[in-house]
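Novice: What follows is a structure written as structure tokens; I'll ask about it next.
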Amino acid sequence: MATLEFDEEGARQVERTYATPDVVAQRAQVLALLAPQPGERVLDIGSGPGYLSEAIADAVGPTGAVHGLDPSEAMNTLARARCASRPWVDIEDGDAVDLPFPDGSFDAAVSTQVYEYVADMPRALAELRRVLRPGGRAVVLDTDWDSLVWHTEDRALHQRVVAAWEEHLVHPRLPRRLAGLLRRAGFTVPEQRVVVLFNPQLHAETYSANTMELIAKFVTGRQGLTAEDTAAWLADLRARADEGDYLFSLNRYVFLATAA
Ligand SMILES: C[S@@+](CC[C@H](N)C(=O)[O-])C[C@H]1O[C@@H](n2cnc3c(N)ncnc32)[C@H](O)[C@@H]1O
2 MATLEFDEEG
12 ARQVERTYAT
22 PDVVAQRAQV
32 LALLAPQPGE
42 RVLDIGSGPG
52 YLSEAIADAV
62 GPTGAVHGLD
72 PSEAMNTLAR
82 ARCASRPWVD
92 IEDGDAVDLP
102 FPDGSFDAAV
112 STQVYEYVAD
122 MPRALAELRR
132 VLRPGGRAVV
142 LDTDWDSLVW
152 HTEDRALHQR
162 VVAAWEEHLV
172 HPRLPRRLAG
182 LLRRAGFTVP
192 EQRVVVLFNP
202 QLHAETYSAN
212 TMELIAKFVT
222 GRQGLTAEDT
232 AAWLADLRAR
242 ADEGDYLFSL
252 NRYVFLATAA
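Position in the sequence shown (from 1) plus 1 gives the number in our numbering.
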């Protein structure tokens, strides 16, 4: 089954969703953990629309360097435009399992919401370790979809929708394995945190409002779900909001790793 496509429409959808205050707050936590310093060289693996590369560029300044890497040309176009006024940012085509950089090229690296799409995690983390200098640090963030709480009346339909949505990535429950995978790749893991996306109300500028439409589109035609089923699921969520008992909560987990 094909996973989510980051074509032009998919890239714009991520760009919109990742501009919501929920994901802005997530980025602030990732940046605080990464703590990029002036003059450092930082790699952003799966840089997507380039929000994080842009923020890291402001932290390292023109004496540093930021390399964003992503296999999606549509994402790279957005990221290049976003970072155009910072010539110390370079956005390149590439894949997490085959990083086009020499050993020890970076002081730090970050990868948020990317490894859950990468089938060969031992290889991706070996590449991450290889391109960091000894003592270099990495920050990795991914979602565990088992942490999803989303209030619906029709729980059976909701569970079918969530099961079909899990097909959008390779590893729907990667965070619980990440610390072990990082240690086996030659990292120490001094810090792990949870970042909660929490929407007690439904309004347009939330992660869940943006994501529900994407989910409805992705799951239609999968696991027997018809367009009527997904319309009913959306209507159920909107009815919860109309009745004043909307609730969405989802956990992302973030890991600070140090190259031993
Ligand atoms: C949900 S977006 C996250 C973008 C960005 N890291 C952020 O947090 O704003 C996922 C990104 O991972 C990229 N991606 C998927 N598979 C990848 C791979 N094997 N190597 C590198 N990036 C990949 C996609 O093209 C997409 O831009």
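Ideal Cβ positions, reconstructed from N, Cα and C, are used throughout, including at glycine.
(1) What residue range does the alpha helix (DSSP H) around D179 cover?
(2) Which same chain residues end up closer than 6 Å to L44 when comparing Cβ atoms and leaving out the 5 residues on each side of it in sequence?
(3) Which runs of the beta strand (DSSP E) spanning at least 3 residues fall entirely within the stretch 98 to 130, listed in chain order?
(4) Less than 7 Å between CB atoms is the rule here; does R28 satisfy it with respect to chain C?
(5) Per DSSP, what are the beta-bridge partners of V61 in this structure?
(6) Do you know whose CA, among L198, Y208 and A217, lies nearest L251's CA?
(7) Give the range of the alpha helix (DSSP H) segment to which S209 is assigned.
(8) DSSP beta-bridge partners for A139?
(9) Residues in its own chain within less than 7 Å of P39 by CB, not counting five upstream and five downstream?
(10) With hydrogens ignored, establish whether the beta-carbon of Q14 is closer than 6 Å to any heavy atom of ligand 1.
Specialist: The answer reads as follows:
(1) For the purposes of this step, residue 179 is identified with residue 178 of the sequence shown, where counting begins at 1. The question names Asp, yet the displayed sequence has Leu at residue 179. P176 to R185 is the extent of the alpha helix (DSSP H) around L179.
(2) Here the question's residue 44 lines up with position 43 in the sequence shown. Excluding positions up to five away in sequence, the list reads H68, F107 and A110.
(3) 107 to 113
(4) The question asks about chain C, but that chain is absent: this structure has only one protein chain.
(5) For the purposes of this step, residue 61 is identified with residue 60 of the sequence shown, where counting begins at 1. None; V61 has no bridge partner.
(6) The residue given as residue 251 occupies position 250 in the sequence shown. Nearest of L198, Y208 and A217 to L251, Cα basis: L198.
(7) Sequence index remark: in the sequence shown, residue 209 carries index 208 (1-based). Run containing S209: Y208 to V220, per the alpha helix (DSSP H) assignment.
(8) Translated into positions along the sequence shown, residue 139 becomes position 138. DSSP, once it has assigned bridges, lists A110 and A258 as partnering A139.
(9) Walking along the sequence shown from the start, residue 39 turns up at place 38. The residues are V61, G62, T64 and G65.
(10) Here residue 14 refers to the residue found at position 13 when the sequence shown is read from its first residue. Checking the Cβ of Q14 against ligand 1 gives no.
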